[in-house]
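Here the structure is laid out as structure tokens; the discussion comes afterwards.
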Amino acid sequence: MKRPAPAQIGKKESIADTARVLSRMFDGIEYRGYGQAIVEELAKYASVPVWNGLTNEFHPTQILADFLTIKEHFGRLNGVKLVYLGDARYNMGDSLMVGCAKMGMHFVAAAPEKYFPDPALIAKCQAIAAETGAVLEFETDPVKAVQGAHVLYTDVWVSMGEPTEVWAERIRDLSPYQVNTALMQAAGEQAVFLHCLPAFHDLKTGIGKEMGEKFGRTEMEVTDAVFESAQSLVFDEAENRMHTIKAVMAATL
Ligand code: NVA
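Numbers 2 to 254, taken from my numbering, label the letters of the sequence shown in order.
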């Protein structure tokens with residue numbers, strides 16, 4: 002079967018022109034792609050709301066679902082300790098840091114130093130935290146990081162748009178940050194597990210199977226035991242994507 006050609010955005014048609022064409026046809030535009038600069042340029046030229054459905058740098062609508070899930074479980078956001086383990090300089094780590102700063106939470110990025118968020122973004126978030134009372138920490142020791150945490154959060158080690166060649170390096174660098182039963186126990190029994198999904202917790206996906214077999218692993222960023230445990234709220238979180246995106250539309254249309 003012939004696959005449909007990808008959109009011409011930024012290739013045969015400028016982003017500015019695409020923004021104006023789509024604005025004549027739709028009530029809103031959601032961009033899910035790669036560069037943050039693209040969604041910002043769309044927003045600049047569009048005359049309808051533009052939503053960031055995921056870029057390399059940020060994933061703001063996911064954070065709304067995550068925080069609704071946390072609030073449903075703990076009854077509050079303020080003061081909740083969320084530890085993000087893994088590639089903390091990419092969309093999920095960045096947006097969770099921004100969201101935690103805004104909501105007065107305790108954010109910890111647990112990763113090797115080279116995977117810490119961009120210093121300029123950290124500085125912006127520290128300024129927000131100074132207003133809200135949020136605490137932001139950056140820790141290389143995963144066991145130390147999770148002490149007393151309410152939420153352990155992780156994401157895939159290789160994101161959309163990244164080359165498969167980086168898998169070996171990521172597995173080597175990020176394996177100590179895998180969310181497993183020992184780490185959940187180190188956090189304490191109050192801790193819950195969240196993941197934006199999709200997750201490599203078994204070999205039931207094409208990439209999971211291919212990379213798992215290549216590197217002799219059955220799990221990557223989270224073990225199947227944690228993913229399937231009572232502490233895992235990942236499907237509440239997935240459901241909350243629907244409720245929160247409806248709220249975003251209601252607020253902006
Ligand atoms: N970091 C992941 C998030 C998926 C929702 C990616 O960009 O692929």
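Beta carbons: idealized from backbone N, C-alpha and C, even for Gly.
These numbers come from a predicted model, not from an experiment.
- Around I172, the same chain offers F216 as residues with beta carbons nearer than 6 Å, after the five sequence neighbours per side are excluded.
- Taking a contact to require three or more Cβ pairs closer than 8 Å, the region 164–181 and the region 119–134 do not qualify as touching.
- Comparing alpha-carbon positions, the option among K45, K82, A146 lying closest to Q191 turns out to be K82.
- Within the same chain, and ignoring the five residues on either side of T56 in sequence, the residues whose Cβ sits closer than 7 Å to its Cβ are G34, Y35, G36, Q37, V40, N92.
- Taking a contact as a CB-CB distance under 8 Å, the pair A112 and D88 counts as one, their CB atoms being some 7 Å apart.
- For M161, the Cβ falls inside the 7 Å cut-off from some heavy atom of the ligand NVA.
- In the three-state scheme derived from DSSP, where H, G and I count as helix and E and B as strand, K72 is classed as helix.
- Taking a contact to require three or more Cβ pairs closer than 8 Å, the region 59–75 and the region 147–156 qualify as touching.
- In the assembly as shown, L254 is an exposed residue. Its beta-carbon has fewer than 16 other beta-carbons within 10 Å.
- Proximity to P61 across L43, F194, V99, I16 peaks at V99, based on C-alpha coordinates.
- Beta-bridge analysis with DSSP links K82 to H107.
- The DSSP-derived three-state label of F139 is strand.
- Annotation for G29: no alpha helix (DSSP H) segment contains it, and DSSP assigns it neither H nor E.
- The three-state reading of DSSP puts W52 in strand, counting E and B together.
- Scanning its chain for C-beta atoms nearer than 6 Å, with the 5 sequence neighbours on each side dropped, one finds around A17 the residues Y46, in chain order.
- Non-local beta-carbon contacts of Q232 in its own chain, meaning distances under 7 Å to residues more than five positions away in sequence, involve M185, A192, V193, F194 in chain order.
- Check the Cα spacing between D95 and each of K205, A146, E58, T141: the tightest is with E58.
- In this chain, the alpha helix (DSSP H) harbouring T133 covers 120–133.
- Between A188 and A150, the gap from beta carbon to beta carbon is short of 8 Å.
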